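Enquirer:
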Amino acid sequence: MPPKVDPLKCDACQGESEPLCEQVCPGNLMTLDLGEPRKAYCRDAGDCWDCMSCTKACPRQAIQTTIQYQLAYFPGKLIPLVGTNSVTWTSIDCNGMVERFVIRTIIGSEDDDEE
Amino acid sequence: MGGKSVAEPVSPGGAKTERVNIEADVLIIGGGTAGCLAAWEARRSGGEGLKIAIMEKAFIRNSGCLSAGMNALNMYINQGGPEDFVSYVRYDLCGAPVREDILLSVAEEVNETVALMEKAGLPIKKKEDGRYLNRGKWNIEVNGSLLKPITASMAIEAGVEIYNRVYMTDLIIENGQCEGAVGFGVRDGKFYVCRSKTTLICAGGAAGLWRPNSNGDAHHRIWYFPFNTGGSYAMCKRAGAEMTSFEMRIVPIRTKDTYSPTGTLAIGMNAPMVNSLGQAFMREDPYYVERGGHTAPTLIRVLAFERETQAFRGPVVMDTTQGDPYKVAGLKSQYLDMSPCIVLYWGCNDIDPSKEPVEVDASDPAIVGAHAGMAGAWTRGVSRETTIPRLYVSGDALGGAPSRFISGSWACGRIAARAMVKALQVNSYELAEISGDKIDRLEERTFGPLRSYGEKQTEGLWTDGALMNGISPKQMEDRMQKIMEEYCGGRRNWFYVNETYLGIARKHIGRLRRTQLKYLCAKDLHDLQLAWDVINRLDVCQLVIEHLDYRKETRFPGYVNRNDYPDLDPEFDCFVNSVWDPGTDEVTCFKAPYEQLVPGDRTRESI
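Going down the list, the protein sequences come from chains A and B. For the first sequence, the numbering used here gives the first residue as 1, with consecutive numbering after it. For the second sequence, the numbering used here gives the first residue as 1001, with consecutive numbering after it.
1. Taking Cβ-Cβ distances shorter than 8 angstroms, what residues in chain A pair up with Gln1529/B?
2. Closer than 9 angstroms, Cβ to Cβ, to anything on chain A: give me those residues from the segment 1507-1524 of chain B, in chain order.
3. In the DSSP assignment, the alpha helix (DSSP H) including Cys1574/B goes from what residue to what residue?
4. Which chain B residues are close to Cys51/A, counting only those with a beta carbon under 7 angstroms from its beta carbon?
5. Quick one, are the C-beta atoms of Ala1039/B and Ile1022/B less than 7 angstroms apart?
6. Report the three-state DSSP secondary structure of Tyr1453/B (helix, strand or coil).
7. Of all the CB atoms in chain A, is at least one closer than 7 angstroms to the CB of Gly1216/B?
8. Listed in chain order, which residues of the segment 1184-1196 of chain B have Cβ atoms closer than 7 angstroms to some Cβ of chain A?
9. Take the Cβ of Leu1265/B as the centre, count every other Cβ of all protein chains shown within 10 Å, and call the residue buried at 16 or more, exposed below.
10. Report yes if the CB atom of Ser1333/B is closer than 7 angstroms to the CB atom of Phe101/A, and no otherwise.
11. From the DSSP output, read off the bridge partner residues of Asp1170/B.
12. Using 10 angstroms around the beta-carbon of Met1468/B, count the other beta-carbons present and answer buried if the total reaches 16, otherwise exposed.
13. For the segment 1274-1292 of chain B against the segment 1574-1592 of chain B, do three or more pairs of beta-carbon atoms, one drawn from each stretch, fall closer than 8 angstroms, so that the two count as touching?
14. Could you name the residues of the segment 1333-1349 of chain B whose beta carbon sits closer than 7 angstroms to any beta carbon of chain A, in the order they occur along the chain?
15. Specify the secondary structure class of Ser1087/B as computed by DSSP and reduced to three states.
16. What three-state label does DSSP hand Phe1495/B in the structure shown?
17. Would you decide whether Asp1564/B is buried or exposed? Buried here means 16 or more other CB atoms lie within 10 Å of its CB.
18. Classify Cys1608/B as helix, strand or coil using the three-state DSSP reduction.
19. Measuring straight from C-alpha to C-alpha, what distance separates Val5/A and Trp1378/B?
20. Distance check for Val1110/B and Ile1222/B, CA to CA, integer angstroms please.
21. State whether the segment 1180-1196 of chain B contacts the segment 1546-1557 of chain B, with contact taken as three or more CB pairs (one from each stretch) at a distance under 8 angstroms.
22. Can you tell me where the beta strand (DSSP E) with Val1540/B in it begins and where it stops?
23. Measuring alpha carbon to alpha carbon, tell me which of Ser1339/B, Val1026/B, Arg1562/B and Lys1523/B ends up nearest Thr1500/B.
24. So, Lys1197/B versus Leu1424/B, is the Cβ gap smaller than 7 angstroms?
25. If you draw a straight line from the C-alpha of Met1243/B to the C-alpha of Leu1398/B, how long is it?
26. Using CA coordinates, which residue listed in Leu1066/B, Gln1177/B and Asp1025/B is at the minimum distance from Pro1149/B?
27. Since Val1328/B and Ser91/A are thought to touch, with beta carbons under 8 angstroms apart, how far apart are those beta carbons, to the nearest angstrom?
28. Return the CA-CA distance between Pro1009/B and Ser1087/B, expressed in angstroms with no decimal places.
29. Indicate whether Ala1241/B and Thr1386/B have their beta-carbon atoms separated by less than 7 angstroms.
30. Does any CB atom of chain A fall closer than 7 angstroms to the CB of Glu1008/B?
31. Work out the CA separation of Arg1451/B and Gly1013/B for me, nearest whole Å.
32. Does DSSP classify Trp89/A as helix, strand or coil?
33. Residues of chain A with CB closer than 9 angstroms to the CB of Ala1058/B, please, in chain order.
34. Considering Cα atoms alone, identify which of Leu1093/B, Asn1270/B, Phe1572/B and Tyr1392/B is closest to Gly1558/B.
35. Counting along the chain, where does the beta strand (DSSP E) carrying Met1055/B start and finish?
36. Within the continuous alpha helix (DSSP H) that includes Ser1153/B, where are the two ends?
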């Protein structure tokens, strides 16, 4: 499920020493291209394990997790929105049906997300 | 507090790379499940003055097997006691010889450790009576999408020095003892020299030795975490440590194409495996019924999948359509906590698991120590110390003690740390002075493939930019995976091996190791990481081949099928251990006795 980066949303995490997707990727795969302005991309889609760390970490929701076409039909989306104590997943299947899942992620003492 | 770090611009030895010198009482290689809890426990039991450093190849909050999350903890004593857990582990692996001493030590503190993690923020599902929600006998359900950040928070709160993006390549061995380790900065390109009084290796198992089922952009759509590339085992082996059970690989039967875990279906929903004739064969076929039926040992269930498919009764599915509708409705949520890609896969293949069963398939074999496999370094008693003094292992790096999973690896990390702290208190270990020559040699080796690229580049490039006189890490990985797949019991041969196949595998893996590594070139630091991945994997391949060949029987059906020795041989009711000789590049295998501590029939569960 290689991560794809929307060039209109990615700002290379200006102000950070490295973009958050690059910081978190367990496989050292997310990196910046040499364009101007620079954008993040996955340097080897086949090496990605689909853990979605980058997709969840992106502050601009510029990264979309796509499924390999050899495995499944187009189009379809799975979008995580990370809150303080929960993650809200939106699944849009290839027929356009939308499902939403709100899942607890951490026991917090304050600032509980509204569920 | 924390490891001491001093950056030197250029070493006096004339080496080209900037060095970072780190000194630690406790050096932890691998900031994962075991490593983070080891750091926490080392601080707790060793006090504020202890210098603790973690070397992490990626970024500690998101690295390793837990990076996608996990929806259950597969080791928890819901009923009975530690002895009953050991009895279950033996049963689940067909009465395999296991290190019962180690398993007992983990079982004794796993529940307490889980409580600790709940306190750190891990949401654990509860029953109405407030007790943890169990899934089967030995598992509990969690909302573990942040399992790794929560695990990492234990190390961070313990105030240990954490070095992210440092790939450790080799241990420093002096007079037969472990004096530390060296590695390179994946981002900064610096040479890291860590001198330590005690060293813990917990850098995961080994994926990617065999060829995966999918290629191209799905090359890494495999069950085990693909960035665990055998560094734990390779570093121990090259240091001369005694290794154990590399013939006991795991063959994971998982959801086809995504290779997501199936415990959610098998244990959580009680979904049976069904063949194309509509037979729930584990419950109906006498061959499987007499071997345990639906709750037969893992090995038998793996074998059953293989037998049914080989007999052209596939595809094999897990029937999710007959289960509790409430549980089916919760399936997607459960997978989102652990393997979100399967939810997208279902959505893009018109699959509704409440109406259509889920097809399963065999992923490529993996070498692990803490899941349902038991490869790793051999350790003395319950100390977690290897046969190399001052070198400890935990998590997947620890051999002979399977089925500890995540929760057991947390506990196991704590146990290793306490043993290290105790050893530091009892002994007066000093940081060794390492000769400049030795450090220079280690640096040359660490950056070898990168420097080779620089040299070979001047010898010429093809028009596509590839080296005329060099081999890329990817090319070597492909070659290694092809050899292992075709000659070392890959999926294409239904996990069968025999002496002839293994002889060919030995020849080619040996050839790669002895004559081809000098051509291995890395064009940048990411490529250098890939180069070390393949170097380490080749080391593990050698162990696997020699161990498989030595165990001339079939003790782990499904995982390793032998057509030349298809039966159990009581002579092999023991561990197969080995030591590597750096002078000859030979692995010598030998038997290590199994000791039964928990009485009873090893092929039966006590509860």
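Where a beta carbon is used, it is the ideal one built from N, C-alpha and C, also for glycine. None of these values were measured; they are calculated from a predicted model.
Expert: Concretely, from the data shown:
1. Within 8 angstroms Cβ-Cβ: Asn28.
2. For the segment 1507-1524 of chain B, which is checked against every Cβ of chain A, not one residue is closer than 9 angstroms.
3. Note, Cys1574/B: premise wrong, no alpha helix (DSSP H); beta strand (DSSP E) at Cys1574 to Asp1581.
4. Ser1067 and Ala1068
5. The beta carbons of Ala1039/B and Ile1022/B sit no closer together than 7 angstroms.
6. helix
7. yes
8. Val1186
9. The C-beta of Leu1265/B has 16 or more other C-beta atoms within 10 Å across all chains shown, which makes the residue buried.
10. yes
11. Val1182/B
12. Met1468/B counts as exposed, since fewer than 16 other beta carbons sit within 10 angstroms of its beta carbon.
13. no
14. Cβ contacts with chain A come from Ser1333, Leu1336, Asp1337, Pro1340, Cys1341, Val1343, Leu1344, Tyr1345, Gly1347, Cys1348 and Asn1349.
15. Looking at Ser1087/B - three-state DSSP - the assignment turns out to be helix.
16. Note: Phe1495/B maps to coil in three-state DSSP.
17. exposed
18. With chain B represented from 1001 up to 1607, any question about residue 1608/B goes unanswered, as that position is not in the structure.
19. 45 angstroms
20. 28 angstroms
21. No contact exists between the segment 1180-1196 of chain B and the segment 1546-1557 of chain B.
22. Premise fails: Val1540/B lies in the alpha helix (DSSP H), Leu1525 to Tyr1550, not in any beta strand (DSSP E).
23. The shortest Cα separation from Thr1500/B among Ser1339/B, Val1026/B, Arg1562/B and Lys1523/B belongs to Arg1562/B.
24. Cβ atoms of Lys1197/B and Leu1424/B: closer than 7 angstroms.
25. 9 angstroms
26. Leu1066/B
27. With a Cβ gap of about 16 angstroms, Val1328/B and Ser91/A do not count as contacting.
28. Because the pLDDT of Pro1009/B is 40, which lies under 50, any placement of that residue in the model is unreliable, and the question is left without a value.
29. In this structure, Thr1386/B lies closer than 7 angstroms to Ala1241/B by Cβ.
30. Model confidence at Glu1008/B stands at a pLDDT of 43, short of 50, so the residue's coordinates are unreliable; what they give is reported in the following sentence. So no, Glu1008/B is outside the interface.
31. Confidence in Gly1013/B is poor, its pLDDT being 39 and thus under 50, which makes the residue's placement too unreliable to answer from.
32. strand
33. Listed along chain A are Val24, Cys25, Pro26, Gly27 and Asn28, each with a C-beta nearer than 9 angstroms to that of Ala1058/B.
34. Leu1093/B
35. Ile1052 to Met1055
36. Leu1147 to Glu1157
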